[in-house]
Each structure stands twice: as C-alpha cells, then as structure tokens.
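Please read the structure below before turning to the comments.
Protein chains: 2
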Amino acid sequence: MHKKTERLDMLTTDKLSVARLVLICSRLGIEDVIFSPGSRNAPMVIAFVESKLFNTYCIPDERAAAFYALGMSIATKNPTVICCTSGSAVLNYAPAISEAYYQGIPMVVVTADRPVEWIDQGVGQSIRQNEVFRNIIKSSFQFTEEASEEQDLIANDTYTIDAIQTSLNGWPGPVHINIPLQEPLYNQAPFVEHPLIQISDIVEKSVDIPELNRLQKIWKSSRRKIILMGQSTPKPMLHHMLNNWVQNKEVILLTETSSNCYVNGAIQNIDRVITNFGASKTKYQADLLISIGGPIVSKKILSYFLNNKPIYHWHVSRESKKDTFRALTDYIPTEAIDFFKEIEPDESLNELTFQNDWEQVRLHTSLRHNEFINNIAWSDLKLFDIALKELKDDMVLHMGNSTVVRYIQLFNQNPQILYLGNRGVGGIDGCTSTALGYTIKSEKKNILITGDMAFYYDSNAFWNHHFPSYFRIIVVNNQGGGIFRIIPGPSSTHQLKHYFEAYQEGDAHYLAKHNNIDYKSAHNEDELKHILPEFLDDSKGVKMLEIFTPREINDTVLMDYFNYLK
Amino acid sequence: MHKKTERLDMLTTDKLSVARLVLICSRLGIEDVIFSPGSRNAPMVIAFVESKLFNTYCIPDERAAAFYALGMSIATKNPTVICCTSGSAVLNYAPAISEAYYQGIPMVVVTADRPVEWIDQGVGQSIRQNEVFRNIIKSSFQFTEEASEEQDLIANDTYTIDAIQTSLNGWPGPVHINIPLQEPLYNQAPFVEHPLIQISDIVEKSVDIPELNRLQKIWKSSRRKIILMGQSTPKPMLHHMLNNWVQNKEVILLTETSSNCYVNGAIQNIDRVITNFGASKTKYQADLLISIGGPIVSKKILSYFLNNKPIYHWHVSRESKKDTFRALTDYIPTEAIDFFKEIEPDESLNELTFQNDWEQVRLHTSLRHNEFINNIAWSDLKLFDIALKELKDDMVLHMGNSTVVRYIQLFNQNPQILYLGNRGVGGIDGCTSTALGYTIKSEKKNILITGDMAFYYDSNAFWNHHFPSYFRIIVVNNQGGGIFRIIPGPSSTHQLKHYFEAYQEGDAHYLAKHNNIDYKSAHNEDELKHILPEFLDDSKGVKMLEIFTPREINDTVLMDYFNYLK
Numbered sequence: 000m001h002k003k004t005e006r007l008d009m010l011t012t013d014k015l016s017v018a019r020l021v022l023i024c025s026r027l028g029i030e031d032v033i034f035s036p037g038s039r040n041a042p043m044v045i046a047f048v049e050s051k052l053f054n055t056y057c058i059p060d061e062r063a064a065a066f067y068a069l070g071m072s073i074a075t076k077n078p079t080v081i082c083c084t085s086g087s088a089v090l091n092y093a094p095a096i097s098e099a100y101y102q103g104i105p106m107v108v109v110t111a112d113r114p115v116e117w118i119d120q121g122v123g124q125s126i127r128q129n130e131v132f133r134n135i136i137k138s139s140f141q142f143t144e145e146a147s148e149e150q151d152l153i154a155n156d157t158y159t160i161d162a163i164q165t166s167l168n169g170w171p172g173p174v175h176i177n178i179p180l181q182e183p184l185y186n187q188a189p190f191v192e193h194p195l196i197q198i199s200d201i202v203e204k205s206v207d208i209p210e211l212n213r214l215q216k217i218w219k220s221s222r223r224k225i226i227l228m229g230q231s232t233p234k235p236m237l238h239h240m241l242n243n244w245v246q247n248k249e250v251i252l253l254t255e256t257s258s259n260c261y262v263n264g265a266i267q268n269i270d271r272v273i274t275n276f277g278a279s280k281t282k283y284q285a286d287l288l289i290s291i292g293g294p295i296v297s298k299k300i301l302s303y304f305l306n307n308k309p310i311y312h313w314h315v316s317r318e319s320k321k322d323t324f325r326a327l328t329d330y331i332p333t334e335a336i337d338f339f340k341e342i343e344p345d346e347s348l349n350e351l352t353f354q355n356d357w358e359q360v361r362l363h364t365s366l367r368h369n370e371f372i373n374n375i376a377w378s379d380l381k382l383f384d385i386a387l388k389e390l391k392d393d394m395v396l397h398m399g400n401s402t403v404v405r406y407i408q409l410f411n412q413n414p415q416i417l418y419l420g421n422r423g424v425g426g427i428d429g430c431t432s433t434a435l436g437y438t439i440k441s442e443k444k445n446i447l448i449t450g451d452m453a454f455y456y457d458s459n460a461f462w463n464h465h466f467p468s469y470f471r472i473i474v475v476n477n478q479g480g481g482i483f484r485i486i487p488g489p490s491s492t493h494q495l496k497h498y499f500e501a502y503q504e505g506d507a508h509y510l511a512k513h514n515n516i517d518y519k520s521a522h523n524e525d526e527l528k529h530i531l532p533e534f535l536d537d538s539k540g541v542k543m544l545e546i547f548t549p550r551e552i553n554d555t556v557l558m559d560y561f562n563y564l565k
Numbered sequence: 000m001h002k003k004t005e006r007l008d009m010l011t012t013d014k015l016s017v018a019r020l021v022l023i024c025s026r027l028g029i030e031d032v033i034f035s036p037g038s039r040n041a042p043m044v045i046a047f048v049e050s051k052l053f054n055t056y057c058i059p060d061e062r063a064a065a066f067y068a069l070g071m072s073i074a075t076k077n078p079t080v081i082c083c084t085s086g087s088a089v090l091n092y093a094p095a096i097s098e099a100y101y102q103g104i105p106m107v108v109v110t111a112d113r114p115v116e117w118i119d120q121g122v123g124q125s126i127r128q129n130e131v132f133r134n135i136i137k138s139s140f141q142f143t144e145e146a147s148e149e150q151d152l153i154a155n156d157t158y159t160i161d162a163i164q165t166s167l168n169g170w171p172g173p174v175h176i177n178i179p180l181q182e183p184l185y186n187q188a189p190f191v192e193h194p195l196i197q198i199s200d201i202v203e204k205s206v207d208i209p210e211l212n213r214l215q216k217i218w219k220s221s222r223r224k225i226i227l228m229g230q231s232t233p234k235p236m237l238h239h240m241l242n243n244w245v246q247n248k249e250v251i252l253l254t255e256t257s258s259n260c261y262v263n264g265a266i267q268n269i270d271r272v273i274t275n276f277g278a279s280k281t282k283y284q285a286d287l288l289i290s291i292g293g294p295i296v297s298k299k300i301l302s303y304f305l306n307n308k309p310i311y312h313w314h315v316s317r318e319s320k321k322d323t324f325r326a327l328t329d330y331i332p333t334e335a336i337d338f339f340k341e342i343e344p345d346e347s348l349n350e351l352t353f354q355n356d357w358e359q360v361r362l363h364t365s366l367r368h369n370e371f372i373n374n375i376a377w378s379d380l381k382l383f384d385i386a387l388k389e390l391k392d393d394m395v396l397h398m399g400n401s402t403v404v405r406y407i408q409l410f411n412q413n414p415q416i417l418y419l420g421n422r423g424v425g426g427i428d429g430c431t432s433t434a435l436g437y438t439i440k441s442e443k444k445n446i447l448i449t450g451d452m453a454f455y456y457d458s459n460a461f462w463n464h465h466f467p468s469y470f471r472i473i474v475v476n477n478q479g480g481g482i483f484r485i486i487p488g489p490s491s492t493h494q495l496k497h498y499f500e501a502y503q504e505g506d507a508h509y510l511a512k513h514n515n516i517d518y519k520s521a522h523n524e525d526e527l528k529h530i531l532p533e534f535l536d537d538s539k540g541v542k543m544l545e546i547f548t549p550r551e552i553n554d555t556v557l558m559d560y561f562n563y564l565k
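Note that the protein sequences, when read in sequence, are chains A and B. Using numbering that gives the first Met the number 0, you'd call the opening residue of the first sequence number 0 and step up by one each time. Using numbering that gives the first Met the number 0, you'd call the opening residue of the second sequence number 0 and step up by one each time.
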C-alpha cells in the first residue's frame with residue numbers, strides 16, 4: 000500500500016531495503032552522505048544521490064572520508080553517513096570510528112557487503128564484515144539480504160531507525176549498518192515514498208539522580224570544591240552558572256582549552272598551575288571534585304588527582320561511566336546543567352584559604368609565563384605565543400595531535416574562538432581531514448595548527464573535490480615527533496632519533512603544490528611576524544604556512560619554561 | 000635459573016615478558032621488525048633494536064607499515080613483526096592484516112596497550128584492543144600485564160610461541176599479540192638469555208586423504224579434466240608434473256598470471272578464451288575440475304564455472320575450505336604436489352575432442368589478440384602491450400589493483416618474471432607499500448604497475464628512510480577509477496563520473512618530487528616507446544613513469560577487443 004509521490008520522474012535503486020534506508024535517513028534528519036568509490040555500494044550511491052534529499056560527497060580514501068564525516072558531524076551535531084564498498088575499504092574507516100566513539104560524535108557507517116553466502120568462499124573484496132567494528136562502535140546491524148517480503152523489509156527498516164537513533168541518544172557515537180547485496184547492483188526503479196514506515200520518537204527519560212539529598216549534603220559540606228571541564232562545545236547556560244560560582248568563590252574551576260568554557264577567574268592553564276605546586280600538593284587538594292563533559296588533555300591533572308585524591312568525585316556526563324582518577328564516588332549520566340538545576344546547590348561554607356591558594360598560583364604562574372615567553376629563543380613555544388595572538392576573533396581553531404594541543408593549553412584562551420581537536424582517542428591519524436570536514440559545514444574562518452608528523456600522516460586529506468571556503472593550515476615542522484623530545488623517557492634510549500622522534504628533513508612544499516594550495520614558509524620570529532597578517536587575511540580559499548623550528552632546542556626551552564614557572 | 004650470556008654489555012627493556020618475546024622471536028626465526036613511532040611500544044623498540052638480532056625499520060604511517068610487512072613476508076616467506084603504540088594507531092594495521100589473512104601470508108602484529116584497568120576510563124590513546132582484529136586474523140593473544148612470576152612469564156612465552164607457529168602453520172596468516180604495559184616504559188635492564196623457554200616443534204601431520212580409492216577412480220573415469228591454478232609462488236615440482244599432463248593431453252590447465260605457473264600449452268589468458276566460447280559453452284565443460292592454490296582474479300572464470308558446473312570439483316589448497324563455484328565435492332587441505340603424489344594418477348581415458356576444442360579457442364584468440372592489438376588507438380590496452388614487452392627477464396612485477404591486474408592477465412606471461420599482487424582481498428589500499436616492502440627483501444629488479452587511484456591512495460608509501468635498491472613505478476593515469484568504465488553497470492547511472500570513476504585531473508609529478516623520485520611522463524605511444532628503455536635501465540634507485548591514457552577511449556577499445564576475440 001505504498002502511496003506514490005508526485006516525484007514520478009525520480010529514480011532510486013531497485014534494492015527495496017536500500018531505497019527505504021535512504022528515505023528513513025531523510026526522515027530522521029540525516030543531511031550529509033560521504034561516498035568512497037566502489038561497485039558493491041552502487042545501490043546506495045544511486046539511491047542517495049538520485050533522491051536529491053542530501054548533500055553528497057565523494058572522497059576516495061576511506062580513512063580520510065571517515066575523518067571528514069567526523070568533522071562534519073562535530074559541526075552539524077547530526078550523524079553524517081559514510082558509505083563504501085566491501086572488503087578492506089571498510090577497515091580503513093576504523094580509526095575515525097574509534098575517535099567518534101570516544102569523542103561522542105554521531106556517525107552512521109553504511110558498508111556494502113558481498114552476499115552472506117559468498118563470505119570466505121574465495122571471491123575478492125570480501126571479508127567478514129558483520130560486527131567487524133564491535134570493539135569501537137555503539138551498535139552494529141546487518142540487513143537481511145535482498146529483502147522483498149514486507150516483514151523482512153520492516154526488519155531492515157527497524158535496523159536503520161535503531162541505528163540512527165542509537166547514534167544520537169545519550170552519549171552520541173558511531174553505528175554500523177552492513178548491507179549484503181547481490182548483483183546486479185546498478186538497476187534503477189521509480190522513486191516511491193513509504194509512508195507506512197513507523198518511526199517512533201524516543202523520549203529520553205530524565206535520569207533519576209540517586210539519593211539527591213545525599214549529594215546535596217556533600218555539596219554543602221564540601222569546603223574545597225573543584226570543577227574540571229573536559230572537552231565540550233560551548234554551553235552558555237552552564238557557563239553562566241559556573242561563572243557565578245567562580246565569582247562567589249564557591250568553586251575552583253579548571254577549564255581545558257578544548258572545553259570551550261571561558262570564565263573569568265577560572266584556571267585556564269592547568270599544566271602551568273600544577274607545575275608550580277611543588278611539594279605542598281595537599282594544600283590544593285579538593286574534598287569534592289566534579290568532572291564534566293568529555294576527554295581530558297592534561298596529563299598533569301590526571302597525575303595530580305591520582306596522587307591527591309578528592310574525598311568525593313562525581314563524573315557528570317552522558318559518557319559511559321569512567322573512573323579517570325580512581326576516586327569516583329558517583330556517576331551521574333546526564334547533562335551537567337540538568338544535574339545542577341536538580342540539586343539546586345545553595346551557597347556552602349567555603350574555605351577561603353583554599354580559594355586564595357589556587358588564585359595565588361594562577362596569578363603567579365601567569366606572571367612568570369609572560370616574563371619567560373617574552374625573552375625566549377625561537378622555538379615551538381615562541382611560535383605559539385606569536386601565532387595564537389594573531390588569530391582573529393570568531394575563528395575556529397583545530398588543534399592537531401598531540402604536541403600542538405599541549406602547547407596551546409599553555410596559553411590563555413580567546414573567548415571568541417572555538418577550540419576543537421580529536422581528543423577522544425587522540426591519534427595523529429586524521430587531524431587534517433577532520434578539520435576540513437568541519438570547515439565544509441562551517442560559516443566561520445577555520446584554521447588548523449598541526450605538527451609535521453600529523454600533517455604527513457593525513458596527506459590524502461585534500462584528495463577530493465570539496466574545497467572549503469576559508470581554511471588556513473599552519474604546519475609546525477620540528478622535523479619529527481616533537482612530543483618524544485618533551486616527554487621524559489625517550490631521550491634515555493639509543494632509539495630516540497630514529498624510532499621515537501622519527502626524524503625527518505622534509506617539508507610540505509610539494510604536497511601543497513600537489514594539492515594546489517598556496518604555500519609560504521617561515522624560519523624565525525621575524526619571518527613569522529611578517530607573514531602572519533597576510534596569511535590570516537580575509538581572502539577565501541586554502542593557504543598553508545609551514546613554520547620551521549629547531550628540534551634540538553624546543554625541548555630545552557620547554558623544560559626551562561616549566562622550571563621557571565615553579 | 001637464567002644463564003647470562005657473554006653479551007653483558009647489551010641492554011634490553013626491564014619488562015620481562017617483552018624481553019622474552021624478543022628472544023623467542025629470534026629463536027623462531029623472525030628477522031624483520033617494523034616499528035611505527037609511539038611511546039607505549041617503547042619497551043619493544045628498546046628490546047628489539049638493542050638486541051641487534053633483527054633488521055629493524057621505522058615507518059610512521061601504520062597503514063603503510065603493515066603493507067610493507069606484508070610485502071616483506073611475501074618475499075621472505077617468514078613472519079614480519081609490526082609493532083605500534085596503543086589507540087587508533089592499531090586500527091590502521093587492519094587493511095593489510097585482512098589482505099595477509101586471505102592471501103595466506105604470515106605476519107605477527109604486536110600492539111602495545113594501556114594497562115587493562117585503564118581501558119574505557121577516559122585516558123587517551125586507549126581503545127578495546129583485545130581481539131580487535133578477530134574477524135580478519137588467524138588468532139589473537141593478550142599478555143598478562145607486567146608478569147613477573149615465572150608461571151605468568153611462561154604463559155606469555157607460550158602466547159608468543161603459539162602466535163608465531165600459528166602464523167606459519169597450514170595456510171599461513173597474520174596473528175595478533177596485544178601487550179598491556181604500565182609506565183615507566185623506557186627503563187632498561189641487562190640483556191639476559193632465557194634458555195629455559197621450551198619451544199616444541201610442530202610436526203604437521205600429513206592430511207589423511209579420505210577415500211583415496213574413490214578419488215583415484217574419479218580421476219581415471221573423468222574424461223574432461225581441468226586444473227585451475229590460483230595465486231601462488233612458483234612450485235617447480237608441481238609445474239613439472241602439470242607440464243607432463245598438458246603435453247600428454249591429460250588435462251586442460253588454466254593458469255592465472257598470479258599463479259606464476261608457466262606451462263607450454265596451458266591456457267594463460269583465461270578471459271580471452273572464455274570470451275570466445277559464445278553460446279556453446281557446454282562444449283568446454285569439465286567433468287572434473289581441480290582448483291589449486293589461492294585467490295582467483297578472473298571474474299569470467301568464476302561466472303563460467305558457476306553456470307557450467309563440473310561433475311566433481313576438488314579444491315586442493317591449505318586455505319580453509321571454500322566453494323568458489325558452488326560445485327565443491329572434495330576439499331583437500333594439503334599441497335597439490337603431495338596430493339598428486341599420493342593418488343598417483345595413471346593415464347586416463349581422455350576425450351580428445353575436448354582437448355582440441357580448448358586448444359582451438361586458445362590458438363584462435365591468441366591470433367585475434369595479436370591482430371587487434373597491433374592496430375589499436377592509444378589506450379590502456381595499448382600501453383600494456385608496449386610496456387609488458389619491454390620488461391626484463393628476471394624482474395619481479397607487482398600488479399596494482401584492480402584494473403592493472405586484469406589488463407595484465409590478457410597478455411602472455413613471461414616465464415622469467417615473477418608476478419605478484421594483493422589478490423587476497425584485492426583492495427587498492429596498499430599496492431605501493433606492499434611492493435616496496437617486498438623490494439627491500441629482494442635481490443631482483445622490482446617494478447610496480449599501478450593505477451592513479453591506487454597510487455594516490457597509498458601516497459604515504461615513500462614516507463620513511465628505507466629506500467629499495469632497484470624500484471620502478473609505472474602509474475597508469477586514466478584520470479580516475481578506470482575499472483568503473485569497463486565493468487557493465489556504472490555507465491547506466493548519472494553517478495558514473497563523480498561517484499564511481501571518481502574523475503580526477505591531477506598527476507603524480509609533485510608527489511614524486513616530494514619523495515625525491517626521478518619522474519618522467521608519457522602521453523602517447525611514441526613517447527612511451529622512447530622513454531621505456533631509459534626508464535628500465537640498470538641504474539639503481541627509484542624511478543617513476545606516469546603514463547596518461549584517454550579515459551573516454553579506454554573502455555571502448557576494451558569492449559571492441561573482447562568483441563573481436565569472439
């Protein structure tokens with residue numbers, strides 16, 4: 000009993016379940032679909048593209064395509080569909096899927112498969128795709144093959160609906176729909192609406208907060224409260240509430256750069272401050288620690304709380320339960336703002352010396368930071384000081400892994416800038432592609448700062464026809480993995496240069512040319528200061544600036560810096 | 000009771016199980032270890048490199064590193080170890096692992112992991128690595144963390160031994176050892192031999208061939224026998240036996256190029272021959288089909304046997320059972336030569352008309368092939384005709400996926416050339432890296448012929464310091480995925496150019512420059528003929544030749560070619 004629409008001229012695939020999947024995607028609000036070329040996924044290509052209901056993209060390298068989708072979903076807060084052919088193509092999606100899973104970004108992975116009866120029978124482009132991502136994904140589904148009976152079609156419809164809703168509910172994440180398809184793959188059929196497909200909304204029940212009273216009492220009685228903000232998008236209502244508490248000296252607020260939480264008087268530069276604690280660490284110890292949101296970048300804060308545990312630790316996040324500091328007393332799986340409204344914390348008896356101790360370190364290290372930075376040699380640290388100051392308000396800054404994001408955390412945030420980075424798993428594998436995917440869906444000026452290793456790793460990021468309108472890339476070329484010079488350990492080995500740092504002498508000049516990207520380079524402070532204004536001008540398109548810093552000085556400067564903060 | 004060796008000056012990691020893993024690897028014959036930079040895998044880096052018992056390599060992009068290892072293992076027939084840090088790095092190994100699994104190539108994947116108790120606790124670079132490859136690997140093991148008690152150390156030793164032996168036994172393949180490691184990671188300790196580690200050999204029992212008598216009777220009574228050789232390394236004894244049968248007109252022998260089986264009078268060009276069958280296909284139908292070895296490239300032979308099933312089909316291979324033609328009557332999991340020796344087939348009553356019918360088509364299509372090729376326009380087909388003739392004896396030819404390998408199968412094999420290609424899963428993802436990995440372990444001149452899409456996909460293949468001594472790359476630039484123009488289906492859609500073929504106008508010039516590779520290009524027959532001799536000269540090093548063919552003519556030429564063969 001399908002009612003035909005007016006769109007009689009339109010076509011779709013003759014694979015009924017695929018045609019219906021496309022309609023369900025549209026009805027559930029999917030807007031963006033990225034394909035990688037293949038034959039087995041032809042029914043999806045035909046159905047999605049012919050429907051004209053979606054923005055469709057083609058990105059040949061599945062690894063890059065999946066990171067693009069991640070970036071798009073970060074921008075739209077809506078699942079992006081990625082769709083590829085069968086075989087090893089599918090496996091190239093895995094790195095981005097894992098990042099989406101831990102960062103909490105919705106994504107719908109649709110893979111074409113050989114018919115079930117042909118798996119492990121010696122035909123090419125076939126692997127065991129069913130549940131292949133089970134370790135790194137929210138949920139996996141497999142279509143009944145070539146469904147034509149109504150009950151099978153409805154089962155497949157249900158998989159699609161469940162997949163999309165699962166990707167969005169709670170802590171969002173990736174889901175996988177595997178679709179076995181028989182030949183012929185390219186047949187087309189008239190477009191048909193399927194009004195009978197029943198899609199029920201999910202009304203998320205508000206989380207019962209166990210023993211609200213008990214929590215209220217703990218809040219009230221805790222005289223040393225610390226709130227730690229992990230990775231998050233800006234949340235104005237929450238930030239307003241936090242701001243009040245900071246101004247009233249109710250809590251110490253620690254904000255990572257990637258939390259996008261800018262509150263005057265908060266500790267924005269966690270690593271700077273903790274370095275200064277010295278021996279008397281208990282002085283700064285919380286009795287109640289409340290962590291909010293997603294992943295934490297700072298290793299120093301992890302180590303600090305592990306060694307100086309609070310009496311109570313509440314983790315307030317839709318993430319799954321996690322006990323990052325081995326001190327978790329309550330896991331509250333909801334949005335922080337809802338939780339705080341619920342417990343309506345009164346003013347509590349606060350220990351003012353605790354407040355003052357933190358404040359003193361904050362001011363002291365801020366001063367020391369400025370003193371030190373103004374007088375240092377050309378190095379990574381100096382580069383960030385110069386470059387970050389020049390960024391324009393209202394920009395989106397994509398922070399590459401992992402040296403870059405750590406340097407940026409040492410500097411004050413610009414409240415007008417949105418700070419993003421792949422901190423779910425924190426790999427170097429898709430920084431450029433993620434930033435580009437975001438930029439395609441962004442109205443703002445986007446800039447990526449990345450290291451040479453991360454940039455080379457994702458060198459296929461530009462291999463497609465979808466160029467963003469305003470994109471700037473700064474490649475910090477410190478001739479290898481600079482991180483291995485600044486963490487303790489590698490330098491005590493004979494393998495530092497070749498196996499950890501992976502020393503390289505190259506530059507990105509020809510890669511830029513290969514991708515038709517305007518390229519400039521800077522080798523010192525003067526050159527950088529001279530080039531930056533033009534590089535950050537308003538002209539549309541993509542520009543790259545590669546900045547060379549001395550690998551054998553960077554680590555010394557950073558070590559001196561932390562010593563100076565003490 | 001560990002006896003110290005003379006090598007008192009040598010160091011290893013202080014992680015006991017890792018130090019012992021390295022010793023076991025050496026004692027079980029592992030020679031090559033490829034690292035990708037990371038911190039968590041530092042104990043393995045230190046132990047493998049300091050031992051000086053291995054050739055060690057550093058390749059930053061794990062996707063490329065794993066394909067290098069695949070190539071090395073193809074060359075050495077010995078497992079190559081790949082070793083990376085924790086997190087998404089691990090997942091980048093997956094495409095090459097799947098190819099190794101289906102191609103039957105040994106490989107030992109060693110991944111560093113965060114301590115078990117830190118998984119899903121909000122620390123970075125951690126995913127659920129235990130069994131993450133279960134769908135695409137022979138076996139997975141996870142070390143007991145920080146083992147120090149002898150029974151735990153022995154358990155981990157056993158995992159290592161089992162893993163390496165599993166990778167080599169039967170149909171070889173990849174295995175995974177996941178090693179959770181606590182900080183500190185960089186501590187070193189004196190090198191210690193562990194003579195107590197007991198390594199038992201596995202004596203593979205010869206497979207009982209069920210009902211040998213029955214099989215002998217079938218062989219004897221089958222008057223129309225076809226032997227089909229899939230992917231394989233050269234097997235002189237088997238080829239000698241096959242040669243006798245072909246000369247005695249005992250069997251029709253079909254050899255794929257990748258079978259590296261050169262027998263005079265065999266059907267080398269399966270696709271050419273089958274195209275000519277026309278309507279009277281049963282004329283060529285076998286009563287006994289024996290398939291030998293690994294994956295089959297030809298789609299036409301798959302389709303032919305599916306539609307013209309033999310009465311008996313024996314699959315003789317150490318691969319797992321597979322029923323590629325839906326006609327399998329006996330699965331004989333052993334080496335073909337052992338099987339044939341066992342059943343000692345006598346001469347049988349053979350149908351001579353059957354032999355003559357096949358021979359006639361072979362000769363006819365060979366003639367038609369030559370006539371057609373000599374008079375065609377500049378195109379992919381012409382390019383292969385010219386280039387393949389110029390290859391030197393004793394070369395190793397790496398065939399890219401998937402247009403390239405299909406074209407090469409249309410031409411006669413050179414018995415002096417070894418033909419290789421990733422035909423296990425058959426993805427385009429690692430063709431260049433696999434070829435380079437092989438070349439590093441090869442004494443011969445190696446050449447890769449690859450399409451533009453496959454070449455771009457694996458553009459990080461040269462991102463390391465391990466340049467091979469003689470390597471030539473021909474990039475066939477037909478401006479996209481030429482395969483989608485030559486298979487039926489895509490051209491009936493509106494999506495051909497942008498979503499299937501993925502049309503691109505670029506060239507590899509700057510990528511070559513980026514990698515310091517000598518680069519030439521050719522745009523027509525004359526240029527190609529002029530350049531080839533110098534390109535294929537004896538000079539060491541890496542050279543690239545990019546050959547441009549007209550994408551809108553290639554498919555017509557190929558279609559005309561197959562029509563002409565009929």
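Cβ coordinates follow ideal geometry from the N, Cα and C atoms, glycine included. Being a predicted model, the structure only gives us computed values, none of them experimental.
Proximity test, Cβ basis, 8 Å: residue i and chain A
i, result
"Val-191 of chain B", "no"
"Tyr-498 of chain B", "yes"
Sheet register partners of residue i (DSSP bridge)
i, result
"Tyr-518 of chain B", "B:Met-543"
Neighbourhood of residue i by C-beta distance below 8 Å, restricted to the same chain and skipping five residues each side
i, result
"Leu-387 of chain B", "Ile-407, Phe-410 and Asn-413"
"Ile-23 of chain B", "Asp-156, Thr-159, Ile-160, Ile-163, Ile-196 and Ile-198"
Helix, strand or coil at residue i according to DSSP, with G and I counted as helix
i, result
"Trp-313 of chain A", "strand"
"Met-9 of chain A", "coil"
"Phe-470 of chain B", "strand"
"Leu-447 of chain B", "strand"
"Cys-57 of chain A", "strand"
"Phe-190 of chain A", "coil"
Residue-level contact to chain B via CB, residue i, 8 Å cutoff
i, result
"Asn-243 of chain A", "no"
"His-624 of chain A", "Chain A is shown from 0 up to 565; residue 624 of chain A falls before or after that span and cannot be answered."
"Arg-62 of chain A", "yes"
"Thr-323 of chain A", "yes"
Residues of its chain near residue i, where Cβ-Cβ distance is below 6 Å and the 5 sequence neighbours each way are ignored
i, result
"Pro-344 of chain B", "Trp-218"
Own chain partners of residue i with C-beta closer than 7 Å, once the 5 adjacent residues on each side are dropped
i, result
"Met-558 of chain A", "none"
"Val-115 of chain A", "Glu-144 and Pro-179"
For the structure I just gave you, are there three or more beta carbon pairs, one from the region 258-269 of chain A and one from the region 317-330 of chain A, closer than 8 Å?
Result no; under three Cβ-Cβ pairs closer than 8 Å.
Counting beta carbon pairs with one atom in the region 491-510 of chain B and one in the region 509-516 of chain A, are three or more of them shorter than 8 Å?
yes
Do the region 86-97 of chain B and the region 140-155 of chain B make contact, defined as three or more Cβ pairs closer than 8 Å?
no
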